[in-house]
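Heads up: take any position in the sequence shown, counting from 1, add 2, and you land on this note's numbering.
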Amino acid sequence: MTDVNAEAEKTLSKLDYTVEYYYPKKFNDLPVISFYNLTENPDFSADNNEVVQSGCVVVDIWADEPSDCGKIAVEVNDVMTADNWSREFSRDLPPDNSGVHHKTMRFSKDFLL
């Protein structure tokens, strides 16, 4: 079994932004990228051994300006797809009362074990 969170963190750490697991600890030093494992599934088995596992992660971008979310999303997409992740989904979410802007993305990848 592959640790999908570790794989996503390794890829996202190539970017020059704070990367945190699940949810930002602080919102006073934006932008921040957070991520978490949404699903992981065995995709193919042979002789009772898992051979291929699929994983899906959610990547969230938190920023002061909506244009920053868009710019960072392009960078996230570039680094994730360069590491064989496939973008499945991307969406801007409404800002909360604090004015923090939020974009969510979902990526999947198959891992050979």
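Yeah, the Cβ is synthetic: ideal placement off N, Cα and C, and Gly gets one too. Here the structure is a predicted model, which means the values were calculated and not measured.
Check	Outcome
Cβ pair residue 59, residue 114 closer than 8 Å	no
Coarse secondary structure for residue 83, derived from DSSP in three states	helix
For residue 69, three-class secondary structure by DSSP	helix
Three-state class that DSSP yields for residue 4 in the structure shown	coil
Residue 109 burial status per 10 Å Cβ neighbour count (16 or more: buried)	buried
Check whether residue 56 and residue 43 have beta carbons under 8 Å apart	yes
With 16 other Cβ atoms within 10 Å as the buried cut-off, status of residue 16	exposed
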